[in-house]
Structures are given as C-alpha cells and as structure tokens.
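All residue numbers for the sequence shown refer to my numbering, where the first residue is 1 and numbers rise by one.
The C-beta atom is built at its ideal place from N, Cα and C for all residues, glycine as well.
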Amino acid sequence: MHLSAMVIQDAVRRLQDVHPFLGITYVACKQKQLSVGETQAISLDALTKDHMNKHHQILDDSSYYFQPFKSVKEWVSHKYPSSGLQAINTQTFGKVFNHPRNSNRWGFVSEYEKVVAEVLRATGNSPAAPLIPLAIWLYKFEDFGPAANFDTLVDRFISDYHLTSHELDILFSRDPELFDETIVAWQSEAATSFEILTDFSLPPDASPEAFTSVSSLSLENVGPATVVDFEPGERLTIVTGDNGLGKSFLLEAVWWATTTQWAERQALPSNFDTDVSPMIHFEVIGKSGQTANHSSSFEWRPYRWSEITSYDGVQAIALYSRADGSFAAYDPVRGLFDTTALRQFFSPTDAWEGNGHIIQGLIKDWVQWKNAPDQTQFKRFCVLLQQLSPIDLGELSPGEIERQPRDARLIPTLKHKYGTVPITHLSSGVKRVLILAYLISWIWQEHEVAAEQQLVPKLTRFTLIIDELEAHLHPKWQRTVLPALLGVAEHLSDDLSIQTVVATHSPMILASMETHFDDMRDALYHLSADDEGVELSGMEFRKYGNIASWLTSPVFGLKHARSTEAEVAIEKAKRLQLAQIVEASEVSETNRLLLVSLAEDDSFWPRWISFAEAHGVRF
1 MHLSAMVIQD
11 AVRRLQDVHP
21 FLGITYVACK
31 QKQLSVGETQ
41 AISLDALTKD
51 HMNKHHQILD
61 DSSYYFQPFK
71 SVKEWVSHKY
81 PSSGLQAINT
91 QTFGKVFNHP
101 RNSNRWGFVS
111 EYEKVVAEVL
121 RATGNSPAAP
131 LIPLAIWLYK
141 FEDFGPAANF
151 DTLVDRFISD
161 YHLTSHELDI
171 LFSRDPELFD
181 ETIVAWQSEA
191 ATSFEILTDF
201 SLPPDASPEA
211 FTSVSSLSLE
221 NVGPATVVDF
231 EPGERLTIVT
241 GDNGLGKSFL
251 LEAVWWATTT
261 QWAERQALPS
271 NFDTDVSPMI
281 HFEVIGKSGQ
291 TANHSSSFEW
301 RPYRWSEITS
311 YDGVQAIALY
321 SRADGSFAAY
331 DPVRGLFDTT
341 ALRQFFSPTD
351 AWEGNGHIIQ
361 GLIKDWVQWK
371 NAPDQTQFKR
381 FCVLLQQLSP
391 IDLGELSPGE
401 IERQPRDARL
411 IPTLKHKYGT
421 VPITHLSSGV
431 KRVLILAYLI
441 SWIWQEHEVA
451 AEQQLVPKLT
461 RFTLIIDELE
471 AHLHPKWQRT
481 VLPALLGVAE
491 HLSDDLSIQT
501 VVATHSPMIL
511 ASMETHFDDM
521 RDALYHLSAD
531 DEGVELSGME
541 FRKYGNIASW
551 LTSPVFGLKH
561 ARSTEAEVAI
571 EKAKRLQLAQ
581 IVEASEVSET
591 NRLLLVSLAE
601 DDSFWPRWIS
611 FAEAHGVRF
C-alpha cells in the first residue's frame with residue numbers, strides 16, 4: 001500500500017510553516033548520522049543536494065526542486081542547496097554545527113537539539129515540526145505493504161533518521177487529529193507527481209504565465225563590479241554601502257529588468273574593452289512561483305543593449321523615486337491603449353507642477369481631489385499621509401486651500417502639530433515624503449481608471465524602488481518611514497502586494513526594521529570595496545539594539561561610533577596599551593588627544609585612566 005495523493009497534499013499544506021533547515025538540512029544530517037561534539041570530513045552542500053535530489057526533485061523533466069517548507073517559492077532552482085539553503089545553514093543556524101572555518105569538516109555541537117529549537121524561536125519560527133506530515137513527505141512514493149498504517153510510517157521514519165526520544169520531544173509534534181475523515185490515506189498504487197501537484201504550482205520550466213516581479217539579477221562587466229548577483233526579497237530589499245560603489249546603479253538595473261527601459265540614461269560597460277562582453281541576466285517570477293530567465297548583451301556597435309525577445313516587462317505597477325528627486329512610473333495596463341503612458345519619467349518640477357497631459361502634478365491634483373464629488377481618491381491620499389507621518393510633527397493632514405501672495409494658483413496647505421503650512425513652504429523632508437505619498441496615490445488611481453476603461457482586472461503587484469530613502473529626513477522620521485511604507489498596500493487594495501527595494505546610508509533605517517524584518521520575505525545586501533574591486537554580498541539581518549552598534553556593525557563598518565578625531569585618538573591609545581615599551585611623553589600626548597575628542601563619560605575612559613596614571617598622567 002502507498003500513501004494517497006490526497007494525504008500527501010494535506011501533509012504538504014501542514015509543512016508550510018516548518019523551517020527548511022529542520023525539514024531538509026536537519027533530517028539529511030540525521031540520516032547521515034553526523035558526528036556530535038566532533039567533526040567529520042563531509043560536504044554539507046553535497047549532503048543536502050543528495051537529499052533534495054531524492055525527495056524534492058519530483059518531476060523527471062524538471063530541474064527544479066519542490067519546496068514544501070516555509071519559503072517564498074514553491075519551486076527552487078538546482079542551485080538552492082549551495083545558495084539559499086547554504087546561507088541558512090552557515091549563517092542563521094551556524095551555531096548548530098562544529099565547523100572549522102574554510103574546512104570540509106562538519107559535526108553537530110553538543111545538545112544540538114536545544115540549539116536548533118533556540119534558533120527557530122529566535123527567528124520567529126515554530127521549533128516543532130509535525131511528525132506524521134514530515135514522514136509522509138519523505139516516504140510519499142514508498143510501498144508499505146498490506147498492513148500499512150501511520151504507526152508503521154512513523155516507526156520507519158524514526159529508525160531511518162536515527163531520531164532520539166529527546167529530539168522527538170523538542171523538535172517534533174504529533175497531532176492526534178491530523179487528517180479529515182474524508183481523506184483516504186492509503187491506496188494500492190503510488191501517487192504520481194502530477195496528482196500530488198494538483199493544488200500546487202508547476203515548476204518554472206512548465207507552461208508560461210504572467211510574471212509579476214524580478215526575482216534575481218546578475219550583472220557582468222557593467223557597473224562598478226565585475227560580477228554582481230542580486231536576489232531581491234519578495235517583500236523588502238535593503239541595499240547599503242559606501243558612496244560611489246553602485247547602490248543607485250543597482251536600483252537602476254532593477255528598474256530596467258522590471259520595465260525593459262532605463263529610467264534616463266542606459267548603463268554603460270565598466271570598461272571600454274571591446275573584447276569583453278557586458279551582460280545582464282535576470283529572472284522574473286509569477287504568482288505561482290514559475291520563473292523565466294532573460295538576458296541582454298551590450299552591443300558595441302551601435303553602442304546599446306540588445307533587445308530582449310518575448311519579454312515586455314513585468315505585469316506590475318512600478319514607481320521609482322530617484323536620489324535627485326526625479327521619478328519614473330510604469331503601468332502595463334495604461335500602456336495597453338497609450339504607449340506613452342507605459343513608462344513615464346518625471347522631473348522634480350513635473351511631480352509638483354505637472355507636465356502637460358502626462359501628469360497634473362501634486363498642487364493641481366490635490367485641489368481637484370479635495371473638490372471632487374467622489375472623495376475616494378482624496379480620502380486615500382489623506383490615509384497615506386497619515387500612514388507616513390513622522391512622530392515629531394504628529395499626524396499630517398490636509399488643511400484649507402489658499403491663495404498665496406504673488407501666486408495665481410490655489411495652493412493646498414498641510415496641517416501638523418506645529419501649525420498649518422502652504423505645501424510650497426514645507427521643509428525638504430516633508431516635501432520628500434509628501435510627493436512620495438502623492439505619486440503612490442496618483443499611479444494607483446490612474447491604474448484603476450485604465451483597468452476600468454480597458455475592462456481588465458487591476459494588477460495585484462506593485463514594485464516600489466526608492467534611492468536614499470533617508471534623504472532630508474530627521475532621525476526620528478528615519479526610524480518610522482520604512483515600516484510605514486511596508487503598510488501602504490493595504491490602503492490601496494485588499495489584494496495588492498508591494499515589493500520594495502531601497503538604498504540607504506542610514507543606521508536609523510536599519511534599526512527601524514529590527515522588529516519588522518522577515519528572513520523569509522526580506523533581504524539585506526551590502527556593497528563593499530577592497531584592492532580587488534567592488535563586491536555585493538547578501539547579509540544576515542541581525543538585531544544590534546542601538547544606533548552606535550549599527551554604525552560599528554559590518555553593515556556600516558565604522559571602528560567607532562564617534563568622531564574621526566576620537567577614533568584616531570582611541571586607536572593610538574590602544575596601540576600604546578599593547579606596546580612592549582611605552583614613552584611617558586607619548587602617553588601624555590595621547591591623553592591630551594583623548595581629552596579633546598572624547599566626552600567626559602565616554603566608555604573608553606575606564607580602560608585608559610589606570611594605564612595613563614601608571615605612566616605619570618594625573619587626572
């Protein structure tokens with residue numbers, strides 16, 4: 001007897017909250033009987049790949065793995081064991097293993113079961129996987145003979161994977177009411193893969209569908225780095241790094257992959273060696289997880305990127321807020337009847353004052369929305385203003401429409417707790433967020449109108465790209481603006497989801513996400529440079545607790561969260577403390593530098609004072 005397709009499908013649904021580490025890496029290591037407290041020569045990537053080849057590559061004509069565990073995709077590529085899963089194993093769950101750096105030796109730490117449970121809890125995941133559904137998944141095609149039952153299945157699982165009673169208590173749960181009575185659990189023939197997948201998506205190399213967002217981007221010999229590999233999160237991606245390393249360029253490339261056109265000027269090769277072939281590769285993904293890959297090469301003659309055949313851009317609204325205050329907008333539905341409305345570029349002045357028939361601009365639209373018989377759009381705009389309001393100014397709300405001296409226009413006013421101000425007189429920070437709220441509201445309204453006129457459904461995906469999110473914003477506002485943006489979708493449509501990609505230099509922005517960052521849907525990337533060039537690397541998002549710790553974290557890389565002069569003085573003091581021979585004059589001079597650059601209650605003083613006094617300094 002074999003497990004039925006119905007019971008396998010039900011088991012998969014019950015596994016969707018199980019962390020992939022527990023469902024893949026952990027059971028693979030247990031079956032291999034990985035050493036405990038010691039290490040053995042083994043390739044963890046190869047071990048997990050063998051496991052996934054056996055249990056997850058369920059369609060013979062597909063190179064993709066079906067992923068029943070907690071994931072943004074139901075299907076993952078053949079690179080998953082050595083990329084996404086590897087990052088989970090070595091970063092999130094690194095402390096579960098004994099693994100000497102840069103070696104091929106692996107082993108579990110002592111009491112690894114407790115460590116796994118602790119990491120799962122710390123990352124907001126359940127530490128207990130449902131035992132029977134996991135066993136069903138692993139033995140979905142096995143023949144258990146005429147006396148098959150769930151007890152036999154579980155006993156087989158425990159034996160084959162060497163699970164101890166302690167592990168079963170800590171990391172697994174057995175639900176006594178596992179399946180609905182209408183589900184037939186066993187059948188004479190093994191279920192086929194397509195029967196199992198009836199209620200799930202097909203792999204990316206199956207039939208085509210509409211693609212709604214960019215899921216990966218690879219750049220070769222274009223931009224500041226020789227090679228860049230970028231996989232934006234399904235919900236949020238934060239890009240950090242020093243000035244000049246390519247954050248803005250990366251966002252431009254994401255926009256290009258989303259819309260098939262550059263926002264203003266095309267990207268150029270990183271050098272002018274015509275023997276080199278600059279390439280851009282990217283992957284787009286649909287609602288079901290199906291993906292498609294596209295590429296473009298740079299043609300030295302006629303000095304442009306090659307056209308991408310069979311790809312017209314993702315089926316999503318997109319808005320790009322650039323660092324210079326300009327904007328780009330994209331709407332495939334508006335483009336159905338007006339190709340000039342498919343992709344539009346707005347200067348800072350256009351967004352405020354309008355640009356012919358393309359956009360009315362904030363000032364005119366605000367007045368029209370407020371005076372319109374149908375207040376839907378104006379109320380939506382008001383809600384977005386409230387959503388994005390800063391703590392220090394309080395709730396932002398529209399005031400009265402007024403005439404200003406020597407201005408023939410009607411000018412809206414904005415109210416906050418310090419008064420009512422004409423929008424033309426607002427601070428740069430308030431203007432930045434105000435225009436962002438306007439354009440989000442504007443593009444969605446225009447999309448609704450176009451969808452109604454074309455008799456097509458509204459899109460359910462929105463890509464929001466923002467360069468230098470913190471520009472002009474006070475630190476108090478920097479601590480709230482990104483979480484506020486993540487909540488914008490619910491004010492536009494019930495079934496809309498937004499993929500947000502932001503570049504930032506602000507530790508406040510990073511700190512603001514400590515209680516909001518989701519490892520399964522979000523991503524953090526960092527651009528760094530050394531003598532060999534620029535590198536983009538994915539980073540684990542960690543909670544550093546305070547802004548000073550963020551500044552000295554690998555994300556920002558400062559040695560000290562102090563002034564440059566204080567950093568120099570402290571580093572000099574530390575070298576003196578480690579020196580074999582110390583001159584009293586050097587100690588005295590260093591003490592003078594510390595007095596000039598450090599606060600009286602700086603945490604470095606206790607470390608320094610006793611050393612300085614021992615070398616003749618008097619406090």
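Under 8 Å by Cβ, that's how I've got residue i and residue j pegged, so tell me the actual separation to the nearest angstrom.
{"i": "Y525", "j": "F230", "result": "7 Å"}
{"i": "F69", "j": "V18", "result": "5 Å"}
{"i": "T258", "j": "T463", "result": "5 Å"}
{"i": "L47", "j": "K32", "result": "6 Å"}
{"i": "H516", "j": "L486", "result": "7 Å"}
{"i": "A450", "j": "D331", "result": "7 Å"}
{"i": "A5", "j": "A191", "result": "4 Å"}
{"i": "V502", "j": "I466", "result": "5 Å"}
{"i": "L598", "j": "A566", "result": "6 Å"}
{"i": "F446", "j": "R334", "result": "Residue identity check: residue 446 is Glu in the sequence provided, not Phe. With 8 Å as the limit, E446 and R334 qualify as a contact, their Cβ atoms being about 6 Å apart."}
{"i": "I132", "j": "F150", "result": "6 Å"}
Determine the closest residue to residue i out of the options, with distance taken between C-alpha atoms.
{"i": "L15", "options": "L598, V116 and L134", "result": "L134"}
{"i": "I581", "options": "E490, H615, A566 and F604", "result": "H615"}
{"i": "I285", "options": "A267, V314 and S295", "result": "V314"}
{"i": "T123", "options": "L202, D50, T460 and F541", "result": "F541"}
{"i": "R592", "options": "I609, L578 and P127", "result": "I609"}
{"i": "F108", "options": "H294, K95 and I158", "result": "K95"}
{"i": "D60", "options": "L202, H162 and F172", "result": "L202"}
{"i": "T25", "options": "T39, V36, S35 and L44", "result": "L44"}
{"i": "D143", "options": "W256, M1 and A263", "result": "M1"}
{"i": "L414", "options": "A408, P422 and D407", "result": "P422"}
{"i": "S110", "options": "S173, A129, T39 and H51", "result": "T39"}
{"i": "N371", "options": "A341, S537, P398 and I88", "result": "P398"}
{"i": "I401", "options": "K431, D365 and V383", "result": "D365"}
{"i": "N104", "options": "T90, K287 and S428", "result": "T90"}
{"i": "K49", "options": "L34, G37, Q86 and A41", "result": "Q86"}
{"i": "I158", "options": "A147, R174, P146 and G145", "result": "R174"}
{"i": "C382", "options": "V488, W186, A408 and K54", "result": "V488"}
{"i": "L455", "options": "F337, G429, D531 and S82", "result": "F337"}
{"i": "E307", "options": "N271, W262 and D350", "result": "W262"}
In this structure, what does DSSP give as the bridge partners for residue i?
{"i": "T500", "result": "L236 and L464"}
{"i": "R105", "result": "A41"}
{"i": "H19", "result": "DSSP output for H19 lists no bridge partner at all."}
{"i": "S296", "result": "I280"}
{"i": "E402", "result": "I411"}
{"i": "I8", "result": "None; I8 has no bridge partner."}
{"i": "V36", "result": "F108"}
{"i": "G241", "result": "L527"}
{"i": "I359", "result": "N355"}
Please report the residue range of the alpha helix (DSSP H) in which residue i lies.
{"i": "H51", "result": "L44 to H55"}
{"i": "S506", "result": "Neither: S506 is in no alpha helix (DSSP H) and is coded neither H nor E."}
{"i": "I570", "result": "T564 to L578"}
{"i": "F230", "result": "Premise fails: F230 lies in the beta strand (DSSP E), V227 to F230, not in any alpha helix (DSSP H)."}
{"i": "I624", "result": "Look at the range of the chain in this structure, 1 to 619, and you will see that residue 624 is not part of it."}
{"i": "A263", "result": "Premise fails: A263 is in no alpha helix (DSSP H) and is neither H nor E."}
{"i": "Y438", "result": "S428 to Q454"}
{"i": "S159", "result": "F150 to D160"}
{"i": "I136", "result": "L131 to L138"}
{"i": "I609", "result": "W605 to A614"}
{"i": "P422", "result": "Segment G419 to P422 is the beta strand (DSSP E) holding P422; no alpha helix (DSSP H) there."}
{"i": "D169", "result": "S165 to L171"}
So residue i is in the beta strand (DSSP E); what residue range does that whole segment cover?
{"i": "Q344", "result": "R343 to F346"}
{"i": "E220", "result": "F211 to E220"}
{"i": "F282", "result": "M279 to G286"}
{"i": "M539", "result": "G533 to M539"}
{"i": "A323", "result": "First-last for A323: undefined, no H or E at that position."}
Between residue i and the ligand NAD, is the CB less than 8 Å from at least one heavy atom?
{"i": "F541", "result": "The ligand NAD is not among the ligands present in this structure, which contains no ligands whatsoever."}
Would you verify that the beta carbon of residue i is, or is not, closer than 9 Å to some beta carbon of chain D?
{"i": "R479", "result": "Here chain D cannot be found, since the structure has a single protein chain."}
- Counting Cβ pairs closer than 8 Å, one from the region 340-354 and one from the region 317-328, do we hit at least three? yes
- Counting Cβ pairs, one atom from each stretch, are 3 or more of them under 8 Å apart for the region 432-440 and the region 304-313? no
- Message: Closer than 8 Å is the cut-off here; do at least three beta carbon pairs connect the region 233-248 with the region 501-509?
- Response: yes
- Query: Are the region 385-392 and the region 465-481 in contact at 8 Å, needing three or more beta carbon pairs?
  - Reply: yes
- Message: Would the region 111-128 count as touching the region 84-98 if we require 3 or more Cβ pairs under 8 Å?
- Response: yes
- Determine contact between the region 244-256 and the region 316-325, defined as no fewer than three beta-carbon pairs at a distance below 8 Å. Taking a cut-off of 8 Å for Cβ pairs, the region 244-256 and the region 316-325 touch, as three or more such pairs fall below it.
- Any contact of the region 211-224 with the region 25-44, i.e. 3+ C-beta pairs under 8 Å? no
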